[in-house]
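In the order they appear, the protein sequences are chains D and R.
1 is the number of the first residue of the first sequence in the working numbering; add one for each residue after it.
169 is the number of the first residue of the second sequence in the working numbering; add one for each residue after it.
Ideal Cβ positions, reconstructed from N, Cα and C, are used throughout, including at glycine.
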Amino acid sequence: MQEIIFVFLAAITLLGAFLAVHLKNIFHNAVFFGMSLLGVAGFFLLLGSEFLGLVEILIYVGAILVAIIFAIVISPALSRKPESRKPKKEVLALFGSLALGGTLLVTLCRFAPVSWNTLISFGSSPFQITLLGRLLMTEYALPFEIVSVILLIAILGSLLNVKEGPDG
Amino acid sequence: MANSLFSYLTIGVLLFTFGIYGVLVRRNLIAILISIELILNGAALNFLAFNRFLTPETSSGEIFVVFIISLAAAEAAIGLSLMLALYRRFHTANVEKIDRLKG
Chain D
1 MQEIIFVFLA AITLLGAFLA VHLKNIFHNA VFFGMSLLGV AGFFLLLGSE
51 FLGLVEILIY VGAILVAIIF AIVISPALSR KPESRKPKKE VLALFGSLAL
101 GGTLLVTLCR FAPVSWNTLI SFGSSPFQIT LLGRLLMTEY ALPFEIVSVI
151 LLIAILGSLL NVKEGPDG
Chain R
169 MANSLFSYLT IGVLLFTFGI YGVLVRRNLI AILISIELIL NGAALNFLAF
219 NRFLTPETSS GEIFVVFIIS LAAAEAAIGL SLMLALYRRF HTANVEKIDR
269 LKG
């Protein structure tokens with residue numbers, strides 16, 4: 001059963017990611033990006049972290065994807081004409097990303113310790129949300145505060161960016 | 169297969185590779201933003217898989233994923249607002265046409 005779920009999640013994640021970068025219509029890209037995000041959220045659930053799976057759906061699908069689609073529909077020229085690509089650039093990008101991904105995969109296959117292939121039984125020690133909350137308030141309190149300041153700055157900065165200025 | 173670290177790392181590598189391909193090949197600013205989000209998702213999946221398989225008694229990988237998701241949200245907000253400002257000024261989202269700084 002777990003095998004079937006894993007293969008299904010891998011299929012929708014990878015297919016969604018591939019179509020999200022490959023299709024030329026930006027609206028289709030956004031929709032398949034959402035499909036890929038749902039797959040990643042499923043992986044988080046499968047790894048035993050219910051909190052992160054829900055956060056992934058809530059923030060990525062609920063906020064980031066909606067913001068992206070919103071930006072697409074308020075600038076209509078974006079969604080109408082599909083972009084044209086130079087074939088030379090396409091070949092070079094394919095070569096570059098295949099070289100990088102191939103290197104990573106070969107490194108993973110050759111140098112991964114054998115113990116990484118061992119199976120663990122799921123449900124033996126699931127993540128605890130109380131532990132997460134306690135760590136965020138004690139050991140990781142400083143990064144937590146810095147992230148909240150960064151989020152505040154991001155809100156103010158994006159408002160400032162889209163403000164109609166005298167020369168905007 | 170579903171219960172080994174190796175398969176999760178492979179998924180992470182493939183997500184990362186698709187993201188890099190998207191950043192290199194696309195010319196639309198929003199599509200580049202989507203590709204960067206895919207890269208961040210691959211990294212987050214790796215963090216959680218390492219945490220789950222190698223040190224299941226701690227939660228540090230989970231905390232890093234929380235930070236990655238919040239930074240990705242901040243980055244998407246800034247990126248989209250920059251896209252809107254550029255679109256208003258240059259009337260295009262094609263990054264190869266926005267080259268005023270090139271001189």
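Under 9 Å by beta carbon: chain R residues contacting residue i
i, result
"Phe-111 (chain D)", "Going along chain R, no residue has its Cβ under 9 Å from Phe-111 (chain D), so there is no contact; the nearest lies around 12 Å."
Contacts around residue i, its chain only, beta-carbon distance under 6 Å, and the 5 residues preceding and following it disregarded
i, result
"Gly-34 (chain D)", "Val-61, Leu-65"
"Tyr-255 (chain R)", "Ala-261"
Neighbour list for residue i in chain D, Cβ cutoff strictly below 7 Å
i, result
"Leu-177 (chain R)", "Leu-108"
"Leu-246 (chain R)", "The question names Leu, yet the displayed sequence has Ile at residue 246 (chain R). Within 7 Å Cβ-Cβ: Ala-154, Gly-157, Ser-158."
"Ala-242 (chain R)", "Ile-150, Leu-151, Ala-154"
Neighbour flag for residue i against chain D, beta carbons, 8 Å
i, result
"Ile-236 (chain R)", "no"
"Thr-185 (chain R)", "yes"
"Val-233 (chain R)", "yes"
"Val-193 (chain R)", "yes"
"Phe-258 (chain R)", "no"
"Leu-216 (chain R)", "yes"
"Leu-269 (chain R)", "no"
"Ile-202 (chain R)", "yes"
"Ile-207 (chain R)", "no"
N-terminal and C-terminal residue of the alpha helix (DSSP H) that residue i is part of
i, result
"Lys-88 (chain D)", "87-111"
"Leu-151 (chain D)", "141-162"
"Asn-29 (chain D)", "26-46"
"His-259 (chain R)", "Per DSSP, His-259 (chain R) belongs to no alpha helix (DSSP H) and is neither H nor E."
"Met-137 (chain D)", "129-137"
"Val-55 (chain D)", "50-55"
Short CB-CB distance (under 8 Å) between residue i and chain R
i, result
"Leu-47 (chain D)", "yes"
"Leu-94 (chain D)", "yes"
"Phe-8 (chain D)", "no"
"Lys-89 (chain D)", "yes"
"Glu-50 (chain D)", "no"
"Leu-132 (chain D)", "yes"
"Val-114 (chain D)", "no"
Contact list for residue i against chain R, beta-carbon separation under 7 Å
i, result
"Pro-143 (chain D)", "Phe-235"
"Thr-138 (chain D)", "Simply none; closest approach about 11 Å."
Spatial neighbours of residue i in its chain, beta-carbon cut-off 7 Å, leaving aside the 5 residues before and after
i, result
"Gly-168 (chain D)", "Confidence at Gly-168 (chain D) is low in this model, with a pLDDT of 48, below 50, so its placement is unreliable and the value that follows should be read with caution. Cβ neighbours of Gly-168 (chain D) beyond the five flanking positions: none."
"Gly-39 (chain D)", "Leu-9, Ile-12, Thr-13, Gly-16"
"Ala-164 (chain R)", "This structure cannot settle anything about residue 164 (chain R), because the visible part of chain R is limited to 169 through 271."
Contacts that residue i makes with chain D (C-beta to C-beta distance below 8 Å)
i, result
"Ile-188 (chain R)", "Gly-96, Ser-97, Leu-100, Gly-101"
Cβ neighbours of residue i in the same chain (closer than 8 Å, five flanking residues each side left out)
i, result
"Leu-104 (chain D)", "none"
"Ile-198 (chain R)", "Leu-248, Met-251, Ala-261"
Contact list for residue i against chain C, beta-carbon separation under 7 Å
i, result
"Val-162 (chain D)", "Given the protein chain composition of this structure (D and R), no chain C is represented."
Residue i Cβ short of 7 Å to the ligand SAM heavy atom set
i, result
"Lys-86 (chain D)", "Of ligands this structure carries none, so the ligand SAM is not represented either."
(message) Quick check for students: name the residue ranges of the alpha helix (DSSP H) that lie wholly in the segment 174-228 of chain R, counting only runs of 4 or more.
(response) For secondary structure counted as the alpha helix (DSSP H) over 4 or more consecutive residues, the segment 174-228 of chain R holds these complete runs in sequence order: 197-222.
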